[in-house]
Amino acid sequence: LAFNRSDATLAVANAIHGTGAVSYDGSGTITVTGNNDYTGSTLINAGFVNLQSSTGLGTASAGTTVANGAQLYITANVDVTEGLTLDGIGPDGSGVLRKGGAGFTASLGPVALAAAATIGLDGGATLALSNVVSGAAALTLTGGGTVALNTNNTYSGGTTLAAAVVNLNANRALGSGLVTVSGTGRFIIADGLNITNAFTADSVSPGAATGLLMVNDNTNGTVTTVSGPMVLNVLAANGGHFVGPNSSGHLNVSGPVTMPGVGSGYILSIRSGNVRFSGVGSGYDSIEVRANTTSIGANNAIAPTAVLDLAGNGSPTVPTYFDLNGFNQTLAGLKNTVGPANLGVVMNSSATARTLTLDLGANSHTFSGHLAGNLGLTLSSGTQTITGTNAYTGNTTVNGGILQLAVASLAASSTVLVTNGAILQLDFTETNQVAGLVLNGVSQPAGVYNSTTSPTFLAGGGSLKVQTVATNPTNITAVVSGGQYQLSWPASHTGWRLQAQTNSLSVGLGTNWSTVAGSTTTNQVSVPINPANGTVFFRLVYP
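All residue numbers for the sequence shown refer to my numbering, where the first residue is 408 and numbers rise by one.
Take a look at the structure:
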């Protein structure tokens, strides 16, 4: 049975029976609404076939082929069990297979790509491909809707995403070829997957807070991995490049991330969620982190040429973290360009001490956040200003340039090292106790040092007091006064960390110790008494 109409739309409502094939050969539009049970193949050679019945293509035994220049257009929310063979881009480039109308359609049969094929998705429409997509050809996805790739596909010609949202629900959902993204295209990855495809992105603008690669926020602690190499030819994506889960788990970008070149203004953007970089980064001038925790899983996983732009997520109380996670990292500086700027925290959550090195060249940057945890700071060149109250426990080394500190918060158990030609500028009025001071390789005796005593190395109104920290065990003295715990310990033990944990009465003492902020630079701390806390424990830890 052949339909060859080039005029106005023809509606086929009556059932088609038999063992033969049905072909659509004209350039017009034919709407199929009947429940057909013919067992032969369906050939859509030209024009538009508007499918509004789940059995409109007959039984699933012989399959349906859609030729280049033709289109199978599904407007109703019907599931299709036919195997489909797709061959081309459609009559107007909108897809040889197209899902229209708001709503959901599932394609339950296999899809074979006989040649490079385009699937179109109208705005508000969702198409789920739940069987294998195969073939050596390429697949293009376009339009304003959503496609769900629900199984491991075997097509090898690559994937082009010009628009649309693609839900990836299997490790090899994108086949084995290169993935190219442009326009407003973006991917939402199911938790726990490992996507191995190589990605290239050009002029992507996926939309505010959506991200080029986004992980479902229901990971429950699992890790979702993107392990293929990524080339991002994008100056600044609206919505960012990566959005990880906000609750638990993280998106692990383990392949190399490359942008076109230093000096061209390229920014690697993490807008929200927990994201970890474990590959090698190169070719970008800045990395912006706007919420949650971005961490590294290898030394210098972030391009050493990049300035870290780290700030809060709009909340006046919730910090944004960059975590060394037990690795070393060199950056071209620290800065904030959005608020609240004081809520950016560079930290090392690992028990293994690591170093953050800042190499600014001839540039100057100001960071209103602070550094915390088991890390040391080294400045190699340029002028870096830090205005927050630091809580890092490692050493501070100034090998070149000027390091300006606005708050006296260097750890009392740490050593400060300054070489010839470098300056540590103490922009405060207090005296900051440290355990050691090395000026141009010479260790200094106990005493007070400042811009008057050591003008070659120190500037500003503050001072450093070199005093050895006692390492013998000691006790905490606790006094209750005015609704506060007044905790103190000997001045000789300034530099020790006061740690606390709070648990219910049924739990009691656990292992969830955390360091009380600012405790390494003093020997007394006041803690508010909260009657709602079942148990509260304190201890001193060296260093």
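Just so you know, even glycine gets a beta-carbon here, dropped at the ideal spot from N, CA and C.
Under the three-state DSSP convention, the category residue i falls into
i      : result
LEU750 : helix
HIS900 : helix
THR928 : helix
ARG761 : strand
GLN811 : strand
GLN459 : coil
ASP609 : strand
TYR445 : coil
HIS648 : coil
LEU991 : The requested residue 991 is not part of the displayed model; the chain covers only 408 to 950.
VAL485 : coil
THR631 : strand
GLY454 : strand
PHE945 : strand
GLN851 : coil
PHE774 : strand
THR416 : coil
GLY704 : coil
GLN908 : strand
ALA713 : coil
ALA519 : strand
PHE729 : strand
Segment limits, beta strand (DSSP E) that includes residue i
i      : result
THR803 : 803-805
ASN640 : 637-640
VAL682 : 682-684
MET666 : Unbroken run through MET666: none, as it is neither H nor E.
HIS394 : Outside the displayed span of the chain (408 to 950) sits residue 394, for which this structure offers no information.
ARG697 : No beta strand (DSSP E) contains ARG697, which DSSP labels as neither H nor E.
ASN574 : 572-575
ILE595 : 593-596
PHE835 : Premise fails: PHE835 is in no beta strand (DSSP E) and is neither H nor E.
ILE677 : 674-679
TYR892 : 891-895
TYR691 : Here TYR691 belongs to no beta strand (DSSP E), and DSSP marks it neither H nor E.
SER888 : 884-888
TYR978 : Because the chain is modelled from 408 through 950, residue 978 falls outside the range shown and cannot be assessed.
Exposed unless 16 or more other CB atoms sit within 10 angstroms - verdict on residue i
i      : result
ALA469 : buried
ALA409 : exposed
LEU784 : buried
ASN457 : buried
ALA555 : buried
TRP903 : buried
HIS777 : buried
ASN937 : exposed
ASN411 : exposed
THR875 : exposed
GLY941 : exposed
TRP896 : buried
LEU916 : exposed
ASN706 : exposed
ARG593 : buried
HIS772 : buried
ARG946 : exposed
SER888 : exposed
GLN840 : buried
ASP499 : exposed
SER671 : exposed
GLY746 : exposed
GLN811 : buried
Span separating the alpha-carbon of residue i from that of residue j
i      : j      : result
SER933 : LEU894 : 6 Å
THR764 : GLY704 : 17 Å
GLY599 : VAL473 : 35 Å
VAL540 : TYR562 : 6 Å
THR918 : LEU504 : 57 Å
THR790 : ASN770 : 6 Å
LEU493 : LEU515 : 15 Å
THR762 : THR727 : 19 Å
GLY495 : LEU528 : 16 Å
GLY668 : GLY688 : 11 Å
ASN560 : ALA513 : 16 Å
SER413 : TYR431 : 11 Å
7 Å Cβ cutoff, residue i in contact with chain C
i      : result
ASN653 : Among the chains of the structure shown, chain C does not appear; only one protein chain is present.
Residue i beta carbon near the ligand MG (any heavy atom closer than 6 Å)
i      : result
THR918 : With respect to the ligand MG, the structure offers nothing, as it holds no ligand at all.
Validate contact between the stretch 877-891 and the stretch 844-857 using beta carbons, cut 8 Å, 3 pairs: Between the stretch 877-891 and the stretch 844-857, the count of C-beta pairs closer than 8 Å stays below three; the two stretches do not touch.
Meets three-Cβ-pair contact criterion under 8 Å: the stretch 858-867 and the stretch 903-916: These segments do not touch.
Validate contact between the stretch 475-490 and the stretch 413-420 using beta carbons, cut 8 Å, 3 pairs: The answer is no - the stretch 413-420 does not touch the stretch 475-490, with fewer than three Cβ pairs under 8 Å.
Cβ pair count under 8 Å reaching 3, the stretch 764-782 against the stretch 790-809: Contact between the stretch 764-782 and the stretch 790-809 is present, because at least three Cβ pairs lie under 8 Å.
Validate contact between the stretch 689-697 and the stretch 709-722 using beta carbons, cut 8 Å, 3 pairs: Touching, per the Cβ criterion.
Stretch pair the stretch 668-685 + the stretch 649-658: three plus CB contacts closer than 8 Å: Yes, since at least three Cβ pairs between the stretch 668-685 and the stretch 649-658 fall closer than 8 Å, the two stretches touch.
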